[in-house]
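What follows is a single structure, written as structure tokens, with notes after it.
Protein chains: 2
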Amino acid sequence: MYDEMVISDTDPLLESEFIIELVRHLRALDSYGAYEKWSDARILDPLIMTRERKKEMPLIADPDDVTLSNIRAYYNALALTIERECGHLCSPLISLSHEGFGRVLITVGKLVVMDRVLRDAHLFGFRSLEALKTESDKILNQAQAMVSRYPAVAAI
Amino acid sequence: MYDEMVISDTDPLLESEFIIELVRHLRALDSYGAYEKWSDARILDPLIMTRERKKEMPLIADPDDVTLSNIRAYYNALALTIERECGHLCSPLISLSHEGFGRVLITVGKLVVMDRVLRDAHLFGFRSLEALKTESDKILNQAQAMVSRYPAVAAI
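For the record, the sequence lines run as chains A and B. Just so we're aligned: the first sequence equals residues 3 to 158 in this note's numbering. Just so we're aligned: the second sequence equals residues 3 to 158 in this note's numbering.
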């Protein structure tokens, strides 16, 4: 996708739990097997939107299929990680207009554990692999805190 | 849309609270003013899917723009009625593939008060105006019961 990769194949973050899960989901949505021979770093690379990459992107554009698929994989990975941690079924719901504006919810039982507005989906990405991990861990912790606080609603 | 209307302009149900709200939302989504001179009954009529009308429809089809707009209006009207009853902001989230399969959620605070799978959206509708009112009242009552049961989650 980009000329030069910004993730190294030896980055220790590639071994962290959420990143492993995310790669699994990215590979799962790769219905044509294009990623088969790609390393994890190469598959994750398009999710990194550095300042330099952002500058190259148009300000306004429709997100392409790969970006939409990456967005889906990302929120699916979050939902599945939450599900594994709390033991209840967890599902993401993404509603995105073709212009790349929308909302994404993750629910556990009848509890909303994540609720985000999506803007400029064609620019979807994280400053670095570390930022991806930090932001995702924050969402996961908040979700877990919600489930712990309202266990009855999460169990419906 | 259909040759013959199945709702009468003098149907007393047209005066019920939810139906009035629904008409307001159907008119609100009518961005080209096509409904301006239409009676409420005529605007509601395409939401009635009698057995006879269903027989005329293809089994599998993509929902057209009017149907999608009607679906949106319907869930917006439900959300706004719930909002008015419970006093908290309420929002619907509809995620629908172009084949007419998807899911719709209504949340109040962090509480999911309605969660439905949408199938065959091109056949969206109710057997009669009475069925529309009965089914909607049921959803509204269930939502209200959820809010009463978990007021803290609804107030987040």
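Each residue gets a CB set at the ideal place from its N, CA and C atoms; glycine is no exception. Small disclaimer: the values here were computed from a predicted structure and weren't measured.
Which chain A residues are close to residue i, counting only those with a beta carbon under 9 Å from its beta carbon?
i: Y76/B; result: None at all; the shortest Cβ gap to chain A is about 16 Å.
i: V114/B; result: L107, T109, G111, K112, L113, V114, V155, I158
Return the CA-CA distance between residue i and residue j, expressed in angstroms with no decimal places.
i: L31/B; j: L15/B; result: 22 Å
i: G102/A; j: R121/A; result: 6 Å
i: Y4/B; j: D64/A; result: 36 Å
i: I108/A; j: R55/B; result: 37 Å
i: V114/A; j: R74/B; result: 21 Å
i: R29/B; j: Y76/B; result: 11 Å
i: F20/A; j: L49/A; result: 14 Å
i: Y34/B; j: L95/A; result: 30 Å
i: R151/B; j: Y152/A; result: 12 Å
i: H27/B; j: A79/B; result: 6 Å
i: A36/B; j: M51/B; result: 21 Å
i: A43/A; j: I22/A; result: 11 Å
i: L142/B; j: D13/A; result: 52 Å
i: W40/A; j: E17/A; result: 16 Å
i: L46/B; j: A81/B; result: 18 Å
Can you name the residues of chain B whose CB is closer than 8 Å to the CB of residue i?
i: L46/A; result: By Cβ distance, chain B contributes nothing, its closest Cβ being about 25 Å from L46/A, past 8 Å.
i: S97/A; result: L95, I96, S97
i: M148/A; result: K112
If you drop the 5 nearest sequence neighbours on each side, which residues of the same chain put their C-beta closer than 7 Å to that of residue i?
i: V110/B; result: I84, C88, H90, C92, V149, A156
i: T69/B; result: A123, H124, F126
i: H100/A; result: D64
So, at 6 Å on beta carbons, what are the nonlocal neighbours of residue i in its own chain, with the 5 sequence-adjacent residues on each side left out?
i: R105/A; result: S97, V119
i: S71/B; result: L31
i: K112/A; result: V155, I158
i: L24/B; result: A79
When you compare the CB of residue i with every CB in chain C, is at least one pair closer than 8 Å?
i: Y34/B; result: The structure shown has no chain C; the protein chains it does contain are A and B.
Report the neighbours of residue i on chain B: residues whose CB is nearer than 7 Å to its CB, in chain order.
i: Y37/A; result: Near Y37/A there are no residues of chain B at all, since even the closest Cβ is about 23 Å away, more than 7 Å.
Along chain A, in chain order, which residues have C-beta atoms closer than 7 Å to that of residue i?
i: Y4/B; result: Chain A residues near Y4/B: none, gap ~30 Å exceeds 7 Å.
Counting only the same chain and skipping the five closest in sequence on each side, list residues whose C-beta sits under 8 Å from that of residue i.
i: Q144/A; result: V115, M116
i: D66/B; result: H124
Between the segment 136-153 of chain A and the segment 128-145 of chain B, do three or more beta carbon pairs fall short of 8 Å? no
Taking only runs of the alpha helix (DSSP H) that begin and end inside the segment 44-76 of chain A, which ones reach a length of at least 4 residues, in chain order? 53-58
Cβ contact (3+ pairs, closer than 8 Å) linking the segment 4-13 of chain B and the segment 77-86 of chain A: no
Is the number of C-beta pairs between the segment 59-66 of chain B and the segment 110-119 of chain B that are closer than 8 Å three or more? no
To test your reading of the DSSP string, which unbroken alpha helix (DSSP H) runs of 4 or more residues are found completely within the segment 104-157 of chain A? 131-151, 153-156
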